[in-house]
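Engineer:
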Amino acid sequence: MANANLEDSRIGFIGCGAMARALAGGLVEAGVAPSQILASDPIAPARSHFEQAIGAKAVEDNGEVVSQSDVVVIALKPGVVAGALAALDPEISLRPLWISIAAGIPLSTLLGSLPAGARVVRTMPNTPALVGAGSTAYFPAPSVPEADLELVEGVLEAAGWCWRAPDEGLLDAVTGLSGSGPAYVFLILEALADAGVRQGLPREAAQEFATRTVHGAAKLALETGTHPGVLKDQVTSPGGTTIAGLEQLEAGGVRAALYDA
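With the working numbering applied, the sequence shown covers 1260 to 1520.
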C-alpha cells in the first residue's frame, strides 16, 4: 500500500525514459493509481512506451505536467535540465515539490532555473532501480519543509532504498560508490563467470553461479547486518582454497583498484 501522502498526491514526470518508468512502475505497485501519474516527453515513442508500461497518460507539454502535479520528478538528460526548467511558466513551477534524478546537476543549478522559493530535492539513484533494487541518496534545498520529506521518501522507495545525505557534497561520493558501483560489480561478475568457464563449466551454468553468488552474498550481508570482513572470514578456512584465492586478489590489487576507481 502507498503511504497516505502518496495516495493523495498527483505525481508528474518530466521525461519518459527508463528511470522514469522504473519509479512510476514502483509507485503503481505500491498502490498509487495510474490516473494519479502524468508524464511528458517530446519524443512520441517514449510517450507511448511509458503509457503502455505504466497505464498512465503521457503528453508532449512539460507545462501541462507541472500544472497538474503535486510532485514533479525531473527525469531528463543532465544537459537539458536547466533549459527545460527555465522555459516553464514561473507561476505554475513554484507550486509543486520538485525531485531531480538527473545525475550531477547541483541544487544551485536547479534552484537557479526555477522561481525563488521553489521546493527542490536533488537525488542520486542507480540503475538497479530499474528492477526495484535501487539505492538513492537525496539532499533537500533549505526551502523544503521537513513535512515534505516523507513524500520524497515515498517516491524514492518505490524503486528501492533511499538515504538522506547530511551534506550535498556527499552525493558526489554516492555517485562514485553507488552510481558507478553496479558497473564494478558487473565486471567482477563477468570475471567470476569467465573463471568458471576456464575450469570447465558450461557458459550458462557459470553465468548463473556467478550471478547467484553475488546476489546471495549481498543478500546475506544486508539481511544479517554483519560486517563483510566477518562474513569473508566465515568462508575462509585455514590453509584452504578461499584464503589462497583471496591472496591472489590482494596481490592483484583488487582492493586498491576499487579504492582508486
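For each residue, glycine too, the CB sits at the ideal point set by N, CA and C.
Can you tell me whether methionine 1260 is helix, strand or coil according to DSSP?
Structural biologist: Taking the sequence shown and counting its residues from 1, one reaches residue 1260 at position 1. Residue placement at methionine 1260 cannot be trusted, given a pLDDT of 45 that sits under 50; the coordinates are not used to answer.
Engineer: If you reduce the DSSP assignment to three classes, tell me which class threonine 1395 lands in.
Structural biologist: Residue numbering aside, residue 1395 sits at position 136 when the sequence shown is read from its first letter. Correct three-state label for threonine 1395: strand.
Engineer: Under 7 Å between the Cβ atoms of methionine 1278 and alanine 1312?
Structural biologist: The count along the sequence shown starts at 1 and reaches residue 1278 at position 19. The count along the sequence shown starts at 1 and reaches residue 1312 at position 53. The answer is no: Cβ separation not under 7 Å.
Engineer: Considering only the alpha carbon of each residue, which of Val1325, Leu1353 and Val1331 lies closest to alanine 1361?
Structural biologist: Counting from one through the sequence shown, the residue named residue 1361 turns up at place 102. Considering only alpha carbons, the answer is Val1331.
Engineer: Under the rule that 16 or more other beta-carbon atoms within 10 Å means buried, what is arginine 1381, buried or exposed?
Structural biologist: By 1-based counting over the sequence shown, the position of residue 1381 is 122. Flag for arginine 1381 reads buried.
Engineer: Report the rounded CA-to-CA distance for alanine 1292 versus arginine 1269, giving the unit in angstroms.
Structural biologist: In the sequence shown, the residue the question calls residue 1292 occupies position 33. In the sequence shown, the residue the question calls residue 1269 occupies position 10. Roughly 9 Å separates the two Cα atoms.
Engineer: On the criterion of 16 or more Cβ atoms from any shown chain inside 10 Å, does alanine 1406 qualify as buried, or is it exposed?
Structural biologist: Along the sequence shown, read from residue 1 onward, the residue named residue 1406 stands at position 147. It is exposed - the Cβ of alanine 1406 has fewer than 16 other Cβ atoms within 10 Å.
Engineer: Within the same chain, show all residues whose beta-carbon is closer than 6 Å to that of valine 1473, passing over the 5 residues directly before and after it, in chain order.
Structural biologist: As a first step, residue 1473 is located in the sequence shown; it is residue number 214 there, counting from the start. Contacts found: Leu1448.
Engineer: Taking all protein chains shown into account, decide if tyrosine 1518 is buried (16 or more other Cβ within 10 angstroms of its Cβ) or exposed.
Structural biologist: Reading the sequence shown from its first residue, position 259 is the one you call residue 1518. With fewer than 16 other Cβ atoms within 10 Å, it is exposed.
Engineer: Which residue marks the beginning of the beta strand (DSSP E) containing serine 1299, and which one marks its end?
Structural biologist: For the purposes of this step, residue 1299 is taken as residue 40 along the sequence shown, with counting starting at 1. Its beta strand (DSSP E) spans residues 1296–1299.
Engineer: Taking its Cβ as the centre, do 16 or more other Cβ atoms sit within 10 Å of methionine 1260, making it buried, or is it exposed?
Structural biologist: Locating residue 1260 in the sequence shown gives position 1, where the first residue counts as 1. The pLDDT assigned to methionine 1260 is 45, lower than 50, so where the model puts this residue is not dependable; a value taken from the coordinates is nonetheless given after this. By the 10 Å Cβ count, methionine 1260 comes out exposed.
Engineer: With DSSP as the reference, label serine 1359 as helix, strand or coil.
Structural biologist: Counting from one through the sequence shown, the residue named residue 1359 turns up at place 100. Strand at serine 1359.
Engineer: Does DSSP put isoleucine 1447 in a helix, in a strand, or in coil?
Structural biologist: Counting from 1 along the sequence shown, the entry for residue 1447 is found at position 188. It is helical.
Engineer: Could you check where the alpha helix (DSSP H) with glycine 1342 kicks off and where it finishes?
Structural biologist: Here residue 1342 refers to the residue found at position 83 when the sequence shown is read from its first residue. Counting along the chain, the alpha helix (DSSP H) containing glycine 1342 begins and ends at 1337–1345.
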